[in-house]
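The listed protein sequences derive, respectively, from chains A and B.
Once you know that position 54 of the first sequence is 54 in UniProt numbering, the rest is easy, because the numbers rise by one and skip nothing.
Once you know that position 49 of the second sequence is 49 in UniProt numbering, the rest is easy, because the numbers rise by one and skip nothing.
Encoded as structure tokens, the structure appears first; notes follow it.
Number of protein chains: 2
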Amino acid sequence: MKTIIPIHEVKTKTTPNDSFFESYEARFKALADRKRLQIMYELTQRGKTCVCDLCDIVDMAQSKLSYHLKILLDANLITREVIGTWSYYEINNSEVNGLLSEELCCIFRPTRS
Amino acid sequence: MKTIIPIHEVKTKTTPNDSFFESYEARFKALADRKRLQIMYELTQRGKTCVCDLCDIVDMAQSKLSYHLKILLDANLITREVIGTWSYYEINNSEVNGLLSEELCCIFRPTRS
DNA sequence: TTATTAAATCAAAAATATTTGATCAATGAA
DNA sequence: TTCATTGATCAAATATTTTTGATTTAATAA
Numbered sequence: 001m002k003t004i005i006p007i008h009e010v011k012t013k014t015t016p017n018d019s020f021f022e023s024y025e026a027r028f029k030a031l032a033d034r035k036r037l038q039i040m041y042e043l044t045q046r047g048k049t050c051v052c053d054l055c056d057i058v059d060m061a062q063s064k065l066s067y068h069l070k071i072l073l074d075a076n077l078i079t080r081e082v083i084g085t086w087s088y089y090e091i092n093n094s095e096v097n098g099l100l101s102e103e104l105c106c107i108f109r110p111t112r113s
Numbered sequence: 001m002k003t004i005i006p007i008h009e010v011k012t013k014t015t016p017n018d019s020f021f022e023s024y025e026a027r028f029k030a031l032a033d034r035k036r037l038q039i040m041y042e043l044t045q046r047g048k049t050c051v052c053d054l055c056d057i058v059d060m061a062q063s064k065l066s067y068h069l070k071i072l073l074d075a076n077l078i079t080r081e082v083i084g085t086w087s088y089y090e091i092n093n094s095e096v097n098g099l100l101s102e103e104l105c106c107i108f109r110p111t112r113s
């Protein structure tokens, strides 16, 4: 699986090359799904949340939720913390704020900290 | 006693429904392609540009470019002006600024006007 | 008129992404 | 130990997107 370069390191000094656009493509692809946007929304509202709770909240089969969480995680839009058998996911504030407008604040991105 | 939610708070106090997420899905889908991001970048840099010029600039076959422009147009991220047989495309400033962060200014979104 | 150019659209093929159900690995409890 | 629970991963089936080359439409020039 491809590693996503953190958003603040990706900024261009010269004409962007293909890997520059590729890097943003990965982030926007992760956002380009209504189910993943709903996950982003719930994590924005609730803060750090356990997968088992999220399963009920977004009404999704476990393997399907896991698939979508992985896409958001690989895009660096959320982070994961494992405690015992539980996994907790949380919005990656700096990444999301660096990508989305202030108008989207409280919907998909948290308030600026 | 029922509490009336002030209109400017309705957006965040009400749980978004599927069509809300669907609407953002469409925008992010349009951005979720490196070729379309390159088109956005070039339009941001150059301003209103003719399809025939864009074809050379992004080095893309005409029908392919037309396909990608339609996706951006349908997502309301760019606008079109037809003059004779030429089509000129331009960034839709307000839409893009309402969606993307200020950090992306000058890359995919124009400076705030 | 005919020829040329710009650009949208179409249909088929190819490439990607998503869903589904099953399985697996790890943790903790009985 | 055995059992139950959490959640990641796998492979196959579906579904969706993208690419390609051909065709079409419209405008203009010869």
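We put the CB at the ideal spot given by N, CA and C, even for glycine.
I'd like the list of long-range same chain contacts for residue i, defined as Cβ closer than 7 Å, with 5 residues on each side in sequence excluded.
{"i": "residue 10/B", "result": "Because residue 10/B carries a pLDDT of 47, less than 50, the predicted location of this residue cannot be relied on, and no value is offered for it."}
{"i": "residue 62/A", "result": "55"}
{"i": "residue 71/B", "result": "30, 36"}
{"i": "residue 73/A", "result": "80"}
{"i": "residue 7/B", "result": "Low per-residue confidence applies at residue 7/B: pLDDT is 44, beneath 50, and the placement is therefore not dependable, though the value from the model is reported in the following sentence. So no residue of the chain qualifies."}
With a Cβ-Cβ cutoff of 8 Å, do residue i and residue j count as a contact?
{"i": "residue 67/A", "j": "residue 80/A", "result": "no"}
{"i": "residue 22/B", "j": "residue 34/A", "result": "yes"}
{"i": "residue 32/B", "j": "residue 77/B", "result": "no"}
{"i": "residue 40/A", "j": "residue 91/A", "result": "yes"}
{"i": "residue 98/B", "j": "residue 103/A", "result": "yes"}
{"i": "residue 94/B", "j": "residue 101/A", "result": "no"}
{"i": "residue 58/A", "j": "residue 38/A", "result": "yes"}
{"i": "residue 75/A", "j": "residue 27/A", "result": "yes"}
By alpha-carbon positions, which one of the options ends up nearest to residue i?
{"i": "residue 87/B", "options": "32/B, 49/B, 39/B, 93/B", "result": "49/B"}
{"i": "residue 69/B", "options": "43/B, 15/B, 19/B", "result": "43/B"}
{"i": "residue 96/A", "options": "111/A, 17/A, 64/A, 82/A", "result": "111/A"}
Below 8 Å on C-beta distance, what does residue i contact in chain B?
{"i": "residue 22/A", "result": "34"}
{"i": "residue 41/A", "result": "16, 21"}
By the criterion of Cβ-Cβ separation under 9 Å, what are the contact partners of residue i in chain A?
{"i": "residue 18/B", "result": "34, 38"}
{"i": "residue 69/B", "result": "Those within 9 Å of residue 69/B in chain A number zero; the least Cβ separation is about 16 Å."}
List, in order along the chain, the chain A residues whose C-beta lies closer than 7 Å to that of residue i?
{"i": "residue 97/B", "result": "101"}
Could you work out which residues of chain B lie near residue i, taking near to mean beta carbons separated by less than 7 Å?
{"i": "residue 31/A", "result": "28"}
{"i": "residue 25/A", "result": "32, 33, 34, 37"}
Closer than 6 Å by C-beta to residue i: which residues in its own chain qualify, once you throw out the five before and the five after it? Chain order, please.
{"i": "residue 19/A", "result": "none"}
{"i": "residue 65/A", "result": "55"}
Between which residues of its own chain and residue i is the CB-CB distance below 8 Å, once the five residues before and five after are set aside?
{"i": "residue 107/B", "result": "41, 44"}
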